[in-house]
């Protein structure tokens, strides 16, 4: 599920753009011609939002949306934390993943969007995405996407390896990985992404994290959780046998080249992956297919969730 940036800004920033501009940090007179237009500084790693911003600016000529890609996930959060600590360079709107919202709410860094009347849009969203941005009675972001996961694979590589169907279980995935390694490719890449780890653990039935009601206490049980052990034992075997590539950074230029060229024969990712492939790995167009994520037991209808992102008002 995706929501256009224009709608998001209209919802989470409309009240802030009319009168209390100073209250949300929005700057004035920053356009090159000194026209005095309202400038909204947005930090977001999703380049697809730029197209929506152009439509929004055409309908709202007195507003200029300035994008900064400060990196994805933890890279952006590091830059954002530095800006918050310095008290300068803070964006007006920042793309923040659902799991990170409590951290910034506890710091007092995000505005409660309930103050701008956004609660009335609850029925537009699925319960999962809506609950993900609500914390301690406040609403601290407008959902941008959600990440139900699937198995994306390069049919050309699978055919070359003599594999007629995508794997339906993780055991089949392991067997396919050995065949794909023999033709010079990897079945997939794992750069150590925490979101991927969590999703795989959840699918394995793991529940290693718990949070107190006020969000100030987090309990982590990685060494005793059975789901963590199940996934880690399996995945470590794949890595030890050289069946998974672990050096290329996720979503980097090298990663997209490897996806497009067939070096990485599959990607286990969220629903937004096809858009990423089309925009950044177009040389693989026509080769890729989508299937249900492999499961631990044959016949299961179990996927997982990669999380998702929101746009929050700083």
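In our numbering, the protein residues as written are 53 to 366.
Yeah, the Cβ is synthetic: ideal placement off N, Cα and C, and Gly gets one too.
Under the three-state reduction of DSSP, which class applies to residue 345: helix, strand or coil? Of the three classes helix, strand and coil, the one that applies to residue 345 here is coil, per DSSP.
When the Cα of residue 137 is compared with those of 120, 159, 122, which residue comes out closest? 159
Give the straight-line distance between the Cα atoms of residue 175 and residue 364, rounded to the nearest whole angstrom. Roughly 19 angstroms between the two C-alpha positions.
Could you check whether the stretch 292–304 touches the stretch 179–190, counting it as contact only if at least three pairs of C-beta atoms, one from each stretch, sit closer than 8 angstroms? The answer is no - the stretch 179–190 does not touch the stretch 292–304, with fewer than three Cβ pairs under 8 angstroms.
What ranges does the alpha helix (DSSP H) occupy inside the stretch 98–174, keeping only unbroken runs of at least 4 residues that lie completely in it? 101–111, 126–138, 153–158
How about residue 360 and residue 198: are their beta carbons less than 7 angstroms apart? yes
Starting from residue 280, follow the beta strand (DSSP E) in both directions and report where the run begins and ends. Where residue 280 is concerned, there is no enclosing beta strand (DSSP E), although the alpha helix (DSSP H) it sits in stretches over 278–292.
Quick check: the Cα distance between residue 354 and residue 248, rounded to an integer number of angstroms? Rounded to the nearest angstrom, the two C-alpha atoms are 16 angstroms apart.
For a test of the three-state rule: what should DSSP assign to residue 228, helix, strand or coil? helix
So the alpha helix (DSSP H) residue 270 belongs to, where does it begin and stop? Premise fails: residue 270 lies in the beta strand (DSSP E), 270–272, not in any alpha helix (DSSP H).
Three-state secondary structure (DSSP) of residue 81: Because the pLDDT of residue 81 is 41, which lies under 50, any placement of that residue in the model is unreliable, and the number read from its coordinates should be weighed accordingly. Residue state, collapsed to three classes: coil.
Name the residue from 161, 191, 187, 163 whose alpha carbon lies nearest to the alpha carbon of residue 173. 191
In DSSP terms, what residue 332 is bridged to: In the DSSP output, where bridge partners are listed per residue, residue 332 has none listed.
Which of the three DSSP states, helix, strand or coil, is assigned to residue 178? coil
Residue 297 versus 331, 323, 245, 261, residue with shortest Cα-Cα distance: 245
Rounded separation between residue 151 and residue 125 - CA only: Between residue 151 and residue 125, the C-alpha separation is close to 10 angstroms.
For the stretch 224–231 and the stretch 247–261, state whether three or more C-beta atom pairs, one from each stretch, are separated by less than 8 angstroms. no
Under the rule that 16 or more other beta-carbon atoms within 10 Å means buried, what is residue 258, buried or exposed? buried
Do the CB positions of residue 135 and residue 142 come within less than 7 angstroms of each other? yes
What does DSSP give as the partner residue(s) for residue 360 in the beta ladder? 198
Using CA coordinates, which residue listed in 220, 104, 189, 239 is at the minimum distance from residue 157? 189
Excluding the 5 residues flanking residue 93 on each side, which residues of the same chain have their C-beta closer than 6 angstroms to its C-beta? 118, 143, 144
Does the separation of the CB atoms of residue 237 and residue 317 fall below 7 angstroms? yes
When we look at the beta-carbon of residue 356 and count the other beta-carbons within 10 Å, is it buried (16 or more) or exposed? buried
When DSSP labels each residue in this structure, what does residue 206 get in the three-state scheme? Three-state DSSP puts residue 206 in a strand.
Alpha carbon to alpha carbon, what distance is there between residue 120 and residue 270? When rounded, the distance between both Cα atoms is 31 angstroms.
Relative to the C-alpha of residue 336, which candidate in 348, 155, 308 has its C-alpha closest? 308
Just how far apart, CA to CA, sit residue 265 and residue 154? 11 angstroms
Checking 7 angstroms against the spacing of the C-beta atoms, do residue 114 and residue 89 come in under that value? Against a cut-off of 7 angstroms, the Cβ pair of residue 89 and residue 114 comes out as a contact.
Distance between beta carbons of residue 102 and residue 207, contact taken as under 8 angstroms: A Cβ-Cβ distance of about 31 angstroms is found for the pair residue 207 and residue 102, leaving them out of contact under the 8 angstroms criterion.
Helix, strand or coil at residue 350 [DSSP, three-state]: coil
Considering only their Cβ atoms, is the gap separating residue 325 from residue 358 smaller than 7 angstroms? Cβ distance not < 7 angstroms, so residue 358 and residue 325 don't count as in contact.
Between residue 272 and residue 279, what straight-line distance do the alpha-carbon atoms span, to the nearest angstrom? 13 angstroms
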